[in-house]
Amino acid sequence: MELETALLARFIRDHPSDAARLMEAMASAESAALLSDLAPETVAALLPRLVPTTAAAALELLDAERAAALVSEAPRDAVAGVLRAMRRDQRAAVTSSMSPETLAALTLLLRFSAGSAGALMDSGVLSVVDTLSAGEALD
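Each residue of the sequence shown is one higher than the one before, counting from 53 in our numbering.
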C-alpha cells in the first residue's frame, strides 16, 4: 500500500490537473479513501484543480480533524471554495479543527461572496523594514 500511495502522490505532484480530472470521475467514497492516504503537501497541489463540490463531498466523508489537516497546506482561496461547498455542519466541524491562524485567514476570505475579488485575495502581506535593499529583502 505504501508503494501505491507513493505512486499516487508522485502522479499528483507531476500531473495535478490530470489527477483532478480522474478524481472527479470517481465516487466520493473512493476519492475520500485516496485523499485520506495523502500528505497535506500533496493535497495542496491537487485541491486548487478540483471542482470545489467534488473536493467537499470527499472531505465530508473523512473525520473532521483529518480533513482539516489535509487542507492545511493548500492555497487559502481553494480551501475557502471547498468550505463554501460543504454542508454547514461539516464546515463547522472542519473549521473547528483548524489552527487559529488558518481559521482567521479563511474567515476573512469566507466573508466575501464566491467569485468576488475579496474571496480570491491573498490575505498574507509581506512587510520589510525600509532600510533593507531589495536583495536583502528577497533573502
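Glycine included, each C-beta is placed from N, C-alpha and C at the ideal position.
Note that the coordinates shown come from a computational prediction; the quantities given were computed from them, not determined experimentally.
Of the candidates Leu99, Glu54, Ala84, the residue whose Cα lies closest to the Cα of Ala72 is Leu99. In this structure, Met75 lies near Ser83, with their beta-carbon atoms less than 7 Å apart.
By the beta-carbon neighbour count (other beta carbons within 10 angstroms, threshold 16), Arg62 is exposed. Annotation: the continuous alpha helix (DSSP H) that includes Val146 extends over 140-148. For Leu135, the enclosing alpha helix (DSSP H) has its first and last residue at 128-137.
With 16 or more other Cβ atoms from the protein chains shown falling within 10 Å of its own Cβ, Arg143 counts as buried.
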